[in-house]
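J.: Take this structure first; my questions come after.
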Amino acid sequence: MLKKKYIKRKYDLSAQFYDRRYAQIQFEKYKSMLARFSFQKAGRVLDLGCGSGLLSKFLAKKGAKADIIGVDLSFNMLKRAKELVVQADADHLPFKPGAFNAVLSFTSLQGLPRPASAIAEVKRVLKPGGPFIFTFMKKRFSTALEGGLKENFKIISKHDCGEDVGFRCVRA
Ligand SMILES: C[S@@+](CC[C@H](N)C(=O)[O-])C[C@H]1O[C@@H](n2cnc3c(N)ncnc32)[C@H](O)[C@@H]1O
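Positions in the sequence shown are counted from 1; adding 193 to them yields this note's numbering.
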């Protein structure tokens, strides 16, 4: 629990300079991971650990018409986002089963004490067959995460994505 408090505080403090410092590097990850994702037909999309809403800004620039809902722990990060956002913990998502057509998450899950429990939550809120596309900081990556992922999702691809490792998966 303490660790989550620390993460929340860290991002509350960095919210004021986050976009300036990280927008470019995050946009590169979105470009690489979402090249083949159709946002015109995406339906309701969860941006898990949305931060300041950079992904939503990126998609707006591309003319995407997806219905994006962001979730994050940090209130100060969420204040900067333009899409519909909810302050919540990835381990306990306040949504009904199958509420989303797709779940995206960039550079957010590596801070979780037990990423497997957030992955189980993603499975719960994602419709069967829906895509789960995410990146995870390489330096925090563990094989335990990949094990949890394989139990709940079919992994379509795994590859380098700058400082992150990126996965494209489909809900079993
Ligand atoms: C490196 S930022 C990435 C933000 C955004 N995805 C982007 O591409 O710019 C990581 C974000 O994950 C959020 N986060 C970390 N742990 C979380 C948790 N347990 N539940 C929800 N959000 C979390 C942080 O508050 C922070 O905003």
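By construction, the Cβ of each residue, glycine as well, lies at the ideal position given by its N, Cα and C atoms.
1) Do you know whose CA, among 362, 357 and 266, lies nearest residue 203's CA?
2) Do residue 200 and ligand 1 come close, with the Cβ less than 7 Å from some heavy atom?
3) Residue 322 and residue 364 look like a contact to me (Cβ under 8 Å); what is the Cβ gap, rounded to whole Å?
4) Would the C-beta of residue 249 count as close to ligand 1, meaning under 7 Å from any of its heavy atoms?
5) Residue 350 lies in the alpha helix (DSSP H); which residues open and close that run?
6) Relative to the C-alpha of residue 255, which candidate in 284, 243, 241 and 223 has its C-alpha closest?
7) What's the call for residue 228, buried or exposed, on a 16-neighbour Cβ count within 10 Å?
8) For the alpha helix (DSSP H) that residue 310 lies in, which residues bound it at each end?
9) Can you tell me the Cα-Cα spacing of residue 240 and residue 332, whole angstroms?
10) Which value, in whole angstroms, describes the spacing of the CA atoms of residue 216 and residue 301?
11) Measure the alpha-carbon distance for residue 311 versus residue 283 and round it to whole angstroms.
T.: Reading from the atomic positions:
1) As a first step, residue 203 is located in the sequence shown; it is residue number 10 there, counting from the start. It is 266.
2) Against the sequence shown, residue 200 aligns to sequence position 7. Shortest gap from the CB of residue 200 to any heavy atom of ligand 1: under 7 Å.
3) In the sequence shown, residue 322 corresponds to position 129, counting from 1. In the sequence shown, residue 364 corresponds to position 171, counting from 1. 6 Å between Cβ atoms; contact.
4) As a working mapping, residue 249 is identified with position 56 in the sequence shown. Distance from the C-beta of residue 249 to the nearest heavy atom of ligand 1 is not below 7 Å.
5) By 1-based counting over the sequence shown, the position of residue 350 is 157. Run containing residue 350: none in the alpha helix (DSSP H); it sits in the beta strand (DSSP E), 346-354.
6) As a working mapping, residue 255 is identified with position 62 in the sequence shown. When only C-alpha atoms are compared, the closest one is 223.
7) Against the sequence shown, residue 228 aligns to sequence position 35. It counts as exposed.
8) The count along the sequence shown starts at 1 and reaches residue 310 at position 117. Element bounds for residue 310: 308-318.
9) For this step, residue 240 is matched to residue 47 along the sequence shown. For this step, residue 332 is matched to residue 139 along the sequence shown. Pairing residue 240 with residue 332, the inter-Cα distance amounts to about 22 Å.
10) By 1-based counting over the sequence shown, the position of residue 216 is 23. By 1-based counting over the sequence shown, the position of residue 301 is 108. Near 14 Å, if we compare the C-alpha coordinates of residue 301 and residue 216.
11) Within the sequence shown, the letter at position 118 stands for residue 311. Within the sequence shown, the letter at position 90 stands for residue 283. Each residue's Cα considered, the two are about 5 Å apart.
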